Amino acid sequence: MLGRLRDWLIVALLRIVLLISRPLPFDKRVVLGGKIVGAITARVPVASQRIFKNLNLIYPNNSSQENRQLVKAISRNFGMNLIEFYNMAEFAKRQKHVQPMGEGVRLLDELIAKNKPAIFVSGHFGNWEVFRAYMSGLGKPLASLYKENSNTHYERIFLKSLTYSGPAFTTGVRGMSGLIRHLRSGEMISLLHDQRIKGAPLMDFMGKPAHTSLATAEMALKYNIPIIPIYVTRLNGQSQFHIEIEAPIAVGSAEEMAQAMNDSLAKQVRKTADQWYWFHDRWHVRTPK
2 MLGRLRDWLI VALLRIVLLI SRPLPFDKRV VLGGKIVGAI TARVPVASQR
52 IFKNLNLIYP NNSSQENRQL VKAISRNFGM NLIEFYNMAE FAKRQKHVQP
102 MGEGVRLLDE LIAKNKPAIF VSGHFGNWEV FRAYMSGLGK PLASLYKENS
152 NTHYERIFLK SLTYSGPAFT TGVRGMSGLI RHLRSGEMIS LLHDQRIKGA
202 PLMDFMGKPA HTSLATAEMA LKYNIPIIPI YVTRLNGQSQ FHIEIEAPIA
252 VGSAEEMAQA MNDSLAKQVR KTADQWYWFH DRWHVRTPK
């Protein structure tokens, strides 16, 4: 009962923020909403404590003041993402004008021209949905894999926004089967490679061991499909973005490719730490008793 009430209150709070900011132009709406949601998030113990724990693990030499500023910035980016997500129709239209840059742009153009499949990988960094919206605008919607949200009130809104830029499959055997069928039919997919997968091998992520899935690499090897890292960086604290498309991950063993994906994301996080979701329990390694 308390859990359902909490879920309802969270969605009700988001709706109030959306109502307050609705009269504003889109950019100001996102900034204001991000500040409100971010300020609340930074004060929620379960969120702020997780961020502090992860920051202290990876940046042990940071001062308390530096980490407090990072918590505020990380929470604000999270808040802006939520507001953009709730305004997905308008948000997606704006991404048609974003021009990707980087070593992988030429390969992307070739894949589109030849109607070839690809696996784009990223993390919960910046606003990763920008790239899916951009590709949808080119007539190449990207399928994605997501974990069903336990908050049923939020899940309906979340799924509607997620499928705006392409089909979405839930995690698990059934969802993965659907994703693979989509890929084998010649379509492109996008996956986020930055969450702890229970039972997965331990690999280095930002200098610490982290359980890392091999599924993406194994899929790429089995079907001979390139893995291309992409990152969307928010600019100047606004609803403006830079898309970087990196060169494809070098083909090797599944372990080597998974480690390369970790290294690629780690490089981006070290450049702009406030853009990544430090909320995740990424380095939760249980020591044997």
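Reminder that position 272 of the sequence shown reads as 273 in the numbering used here, one-by-one numbering, no gaps.
Virtual Cβ for every residue (Gly too), placed ideally from N, Cα, C.
As the structure is a prediction and not an experimental result, all values here were calculated from the model.
What are the boundary residues of the beta strand (DSSP E) that Ile190 is part of?
Ile190 to Leu193
Using 8 Å as the threshold, is the C-beta distance between Thr213 and Phe206 below it?
yes
Please report the straight-line C-alpha distance between Gln96 and Gln269, rounded to a whole angstrom.
21 Å
Inspect the CB distances between the stretch 44-59 and the stretch 245-264 and report whether three or more fall short of 8 Å.
no
Using the Cα positions of Glu67 and Ile41, report the straight-line distance between them to the nearest angstrom.
19 Å
Ordered along the chain, which non-local residues of its own chain (more than five positions away) have a Cβ less than 6 Å from that of Ala49?
First, the residue type needs correcting, since residue 49 is Ser and not Ala in the sequence shown. Correct list, in chain order: Ala43 and Val72.
C-beta contact flag for Ala221 and Ile120 at 8 Å:
yes
With 16 other CB atoms within 10 Å as the buried threshold, where does Lys161 fall?
exposed
Have a look at Ile231, Leu83, Leu203 and Met136 and flag the residue whose alpha-carbon is nearest the alpha-carbon of Lys94.
Met136
Ends of the alpha helix (DSSP H) at Ser186?
Unbroken run through Ser186: none, as it is neither H nor E.
List the endpoints of the continuous alpha helix (DSSP H) containing Arg95.
Met89 to Arg95
So, under 8 Å CB-CB, Arg283 and Gln196 are touching, yes? Tell me the CB distance rounded to an integer number of Å.
7 Å
With DSSP as the reference, label Val45 as helix, strand or coil.
coil
Would you mind sorting Ser186 into buried or exposed? The rule is 16 or more other CB atoms within 10 Å of its CB.
exposed
Does DSSP put Leu146 in a helix, a strand or coil?
strand
When Lys29, Ala90 and Lys209 are compared against Ser57, the one with the closest alpha-carbon:
One point to set straight first is that residue 57 is Asn, not Ser, in the sequence displayed. If we check each option's Cα against that of Asn57, Lys209 comes out closest.
To the nearest angstrom, report how far apart Ser65 and Leu266 are at their CA atoms.
25 Å
Using alpha carbons as the reference points, say which of Arg271, Thr234, Gly238 and His281 lies closest to Asn128.
Thr234
Paired residues, beta bridge with Lys54 - DSSP:
Answer by DSSP bridge pairing: none, since Lys54 is not bridged.
Closest by C-alpha distance to Arg182, when choosing among Ala144, Gly34 and Phe159:
Ala144
Straight-line CA distance for Gln276 to Met81?
11 Å
Our contact map puts Ile84 next to Val38 with C-beta atoms below 8 Å; I'd like the distance itself, whole angstroms only.
7 Å
Within 10 angstroms of the Cβ of Ile246, are there 16 or more other Cβ atoms? Answer buried if so, exposed if not.
buried
Whole alpha helix (DSSP H) runs in the stretch 60-130 with 4 or more residues, listed along the chain?
65-87, 89-95 and 106-115
Exposed unless 16 or more other CB atoms sit within 10 angstroms - verdict on Glu104:
exposed
Which residues share a DSSP beta bridge with Leu203?
His212
Three-state secondary structure assigned by DSSP to Ile246:
strand
Go through its chain and collect everything with a Cβ distance to Thr172's Cβ below 8 Å, but skip five positions before and after it.
Leu146, Tyr147, Lys148 and Glu149
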